[in-house]
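Everything below concerns the one structure shown next.
Chains as they are written, first to last, in the numbering used here: chain A, 1 to 514; chain B, 515 to 1028.
Below, the structure written as structure tokens:
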């Protein structure tokens, strides 16, 4: 009983903590975390009825999708897969966990974010961190040297979740990759064309696709006097430029990473440059930069890339940006990242067609990728390389925006496709309702009945209103005698007798999309 | 170097083991296991070039899906989701892992098969074992009392995989459930209607749906003199009747579980009974059985169920079978299981329309489910119940059969939907090809180009043959001058000049499905 008293005290204290955070309007995550602690304490105490008390939540950084969210998710997936398929991609799937050693040494500093499975005897396993490494493992294992594939699946990172900004520990990636030995920059340009297609069709507002090349970065570091062994760490500092001002980035380079002030300033000059093919041409003439063969190779490829991007009609959104670095270890050539420059709710979508709703979702990068010519070779016993380039669409942020748009919109999101409800106003007609709904199902009509012997007509009609079912087929004694069904239009409330023989065709006619 | 010599010896020995198993035609799994050991030894040795050698495999009991398997998988999913949607189901999704305690105490003896995640700080997590428990958690957490939902996702069991028979450690479940307080047996009957629809449409050959009721089993155990505390364990012995003859089952009951011979024999008499509504009626009159109120409630519901099944036109496949037990703890009422009685490759599908190919896939249960009225209450702080009934389609076995059918069939499975390849017979036309393919993509035509500056016409045509692309749009100097494209039908090899202005419409016309 002493234990119990202690727990009760702890509950009081924790309760205060939660209340305080709420009055202080602390962040949602912080409050949720403290509430979880409170619930755990309560669970320890147990209920008065002796029942075990569960902490009713999903794991940290994860979420359920309710039917409305699923409807939006499927819409987004359809747009994305349509684009992948339009470009001739096949699809594959891999297991959610891999041998731990398959993931080892692929993600640099981020490896600490990998979820390991408990050693329960047998192999050591980890949850996949992305879809790229499993793809490379798949290619090496099956000795595939040419493939264009997409893969849509969840990946796992023990990151600090910021769920309101669409950052989760379990999240979807939609990957498109082209593997094979081809002529330079053609597949790379197609990846950017696909990003352009998808972001345009999702209608998320303005976006920009930044491109750079690992070889340009490395060449730039070399000519600026960065020691070889500091390329990686300086690169990851450059990667912070989209979140930090240059002053802070420079401070990190000089203070923390021991770079000379002069080298840092030279880098600072380069990474402020943005442009198109013209910038690549200018840098090829740049006295310093042109000293690096690596940088020149990268710059020539950027030029070639822009030639193809012009043919693909996507240069309006693509920027050559020397500050783009990207974290992952495995990139070897071109890299890119798409950012939304203005997450908006379209004016036309706002209720009453009024002014545009306020933007309250802050979003950044929604797609990224690049060339990784060495990764497959890491899995091949003989180190045989398969050049690859690909892109990953990060859809959680896209979902956030789409959900917000849906909420701001007057149009109701339907979560089922039911065409007709089989109903009755009279008692004792369950059997007749079941007979009719069977006829409809057998004719591939999407139909429902309420699971009650004698439901009220009102509750049957209400169900239609709530779930957007457009038609009701009403049965009564008289209709049965006459061999008809009263077909009611839920929106207009108009009713008409339709003979049983014509019913299926009439439902199809009324519910077919124009 | 001594270590190295030792490993080399071990590799020789292990190599012999593998060769021996192969000559002895050991099971595929056994060979794979020993090959894995061999590869691990080789990895320890390392390559001569000092590269780390990876064990190139997926985790035990898991597999990749290649593009052909994905095409089949999507076909199966389409049939299943169409049926779920025809019956008005919404869909939800839940995370792949749950708090460990969410899964605790739900699966009885099978709990040992749950995958736990490593404790890396923070919450203790487990991979989901099925979709039913997460569904119940979702209902309780969101205080939902009425929903009809489906959920298609992977679940995880540390079971002994028998992959050739479609048993994996990572596998899909396709669940359909109806939650809510309704009149008896109407939703239960609809679940069976859905199983009937799906198995008929998948065209997998003959099947049978066995039904029983937990209350009938418990009542039967009671009247046969099984002590209360042995219901569960005797129930799981009865569950083995589809794999073991009665003699062995009886031996387990009497020998291992200490049941009296007399009680076992009485159970034996009941569990040999199969029938329809008539059997339920007979058992309601049965002197022994009718003593159990529980059994009578179950039998009355079976009668009612069959009334509805008749209206749903599915009684041809449904059998009331007293030997059906099902393992999971959470069932409270009706239970059912669908089995394929003959896994066949349809005669018409065999190459040359000849005799039916031999069946070599052995399959058993492909769907199962039942009523679980207590599970949601286990998650509710106040124990509020939400009655539920549902069915889970086990599609890995279905995939196995479909894959075999596809292989036996003469028809080639396409893995992309590309309508047209943009090609050229002449050099230096890459830019023109990219311009044309962009036009096509922008008009939502599925199109490809080879990623080469100057590909041979032959390799472009070969790619079409291999991936089943029906049309080639060929560009040459002359065509460009004339403002036309030579449109070639890959199958007939017929070519025709089509003006650029008409090209999109002509491709659409030729590739639209009749």
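Here a beta-carbon is modelled for each residue, glycine too, at the ideal position from N, C-alpha and C.
8 Å Cβ cutoff met for residue i and residue j
{"i": "residue 368 of chain A", "j": "residue 214 of chain A", "result": "no"}
{"i": "residue 100 of chain A", "j": "residue 125 of chain A", "result": "yes"}
{"i": "residue 664 of chain B", "j": "residue 595 of chain B", "result": "yes"}
{"i": "residue 103 of chain A", "j": "residue 129 of chain A", "result": "yes"}
{"i": "residue 205 of chain A", "j": "residue 340 of chain A", "result": "yes"}
{"i": "residue 219 of chain A", "j": "residue 272 of chain A", "result": "no"}
{"i": "residue 72 of chain A", "j": "residue 306 of chain A", "result": "no"}
{"i": "residue 438 of chain A", "j": "residue 826 of chain B", "result": "yes"}
{"i": "residue 849 of chain B", "j": "residue 884 of chain B", "result": "yes"}
{"i": "residue 844 of chain B", "j": "residue 886 of chain B", "result": "yes"}
{"i": "residue 693 of chain B", "j": "residue 661 of chain B", "result": "yes"}
Own chain, CB closer than 8 Å to residue i, minus 5 neighbours either side, in chain order
{"i": "residue 30 of chain A", "result": "21"}
{"i": "residue 959 of chain B", "result": "933, 934, 1018, 1021 and 1022"}
{"i": "residue 947 of chain B", "result": "936, 937, 938, 963 and 989"}
{"i": "residue 1025 of chain B", "result": "933, 934, 984 and 985"}
{"i": "residue 490 of chain A", "result": "461, 464, 465, 469, 470, 471 and 472"}
{"i": "residue 415 of chain A", "result": "67, 68, 70, 71 and 467"}
Interface residues of chain A facing residue i [CB-CB closer than 8 Å]
{"i": "residue 606 of chain B", "result": "64, 65, 66, 67 and 70"}
Option in the options with minimal Cα separation from residue i
{"i": "residue 1009 of chain B", "options": "B:778, B:985 and B:1015", "result": "B:985"}
{"i": "residue 637 of chain B", "options": "A:130, A:197 and A:59", "result": "A:59"}
{"i": "residue 995 of chain B", "options": "B:532, B:1011, B:1003 and B:982", "result": "B:1011"}
{"i": "residue 234 of chain A", "options": "A:210, A:209, A:260 and A:211", "result": "A:260"}
{"i": "residue 911 of chain B", "options": "B:898, B:784, B:856 and B:772", "result": "B:856"}
{"i": "residue 488 of chain A", "options": "A:153, A:34, A:461 and A:203", "result": "A:461"}
{"i": "residue 97 of chain A", "options": "B:576, B:625 and B:548", "result": "B:576"}
{"i": "residue 549 of chain B", "options": "B:738, B:529 and B:1015", "result": "B:529"}
{"i": "residue 175 of chain A", "options": "A:110, A:92, A:140 and A:223", "result": "A:92"}
{"i": "residue 473 of chain A", "options": "A:278, A:499 and A:245", "result": "A:499"}
{"i": "residue 441 of chain A", "options": "B:760, B:954, B:623 and B:601", "result": "B:601"}
{"i": "residue 581 of chain B", "options": "B:999, B:926, B:531 and B:743", "result": "B:926"}
{"i": "residue 880 of chain B", "options": "B:898, B:649 and B:916", "result": "B:916"}
{"i": "residue 943 of chain B", "options": "B:813, B:930, B:991 and B:918", "result": "B:991"}
{"i": "residue 706 of chain B", "options": "B:754, B:673 and B:824", "result": "B:824"}
{"i": "residue 770 of chain B", "options": "B:538, B:708 and B:744", "result": "B:744"}
Where residue i sits in the DSSP three-state scheme
{"i": "residue 123 of chain A", "result": "coil"}
{"i": "residue 421 of chain A", "result": "strand"}
{"i": "residue 296 of chain A", "result": "helix"}
{"i": "residue 786 of chain B", "result": "coil"}
{"i": "residue 488 of chain A", "result": "strand"}
{"i": "residue 727 of chain B", "result": "strand"}
{"i": "residue 851 of chain B", "result": "strand"}
{"i": "residue 662 of chain B", "result": "strand"}
{"i": "residue 133 of chain A", "result": "helix"}
Interface partners of residue i on chain E, CB under 7 Å
{"i": "residue 602 of chain B", "result": "Given the protein chain composition of this structure (A and B), no chain E is represented."}
Own chain residues within Cβ distance below 6 Å of residue i, not counting five before or after
{"i": "residue 687 of chain B", "result": "645, 669 and 906"}
{"i": "residue 454 of chain A", "result": "427"}
{"i": "residue 274 of chain A", "result": "319 and 321"}
{"i": "residue 553 of chain B", "result": "569"}
{"i": "residue 348 of chain A", "result": "Low per-residue confidence applies at residue 348 of chain A: pLDDT is 41, beneath 50, and the placement is therefore not dependable enough to give any value."}
{"i": "residue 950 of chain B", "result": "936"}
Per-residue contacts from residue i into chain A (C-beta, under 7 Å)
{"i": "residue 636 of chain B", "result": "60"}
Within chain B, partners of residue i - CB distance below 8 Å
{"i": "residue 438 of chain A", "result": "707, 825, 826 and 827"}
{"i": "residue 441 of chain A", "result": "600, 601, 707 and 711"}
Closer than 7 Å at the beta carbon, the chain B residues around residue i
{"i": "residue 96 of chain A", "result": "610, 668 and 684"}
{"i": "residue 488 of chain A", "result": "What residue 488 of chain A touches in chain B: nothing, since even the nearest Cβ is about 18 Å away."}
{"i": "residue 158 of chain A", "result": "634"}
{"i": "residue 431 of chain A", "result": "825"}
Cross-chain neighbours of residue i in chain B, by beta carbon under 9 Å
{"i": "residue 187 of chain A", "result": "965"}
Same chain, Cβ closer than 7 Å to residue i, neighbours up to 5 away in sequence not counted
{"i": "residue 700 of chain B", "result": "822"}
{"i": "residue 795 of chain B", "result": "817"}
{"i": "residue 268 of chain A", "result": "246 and 250"}
{"i": "residue 501 of chain A", "result": "none"}
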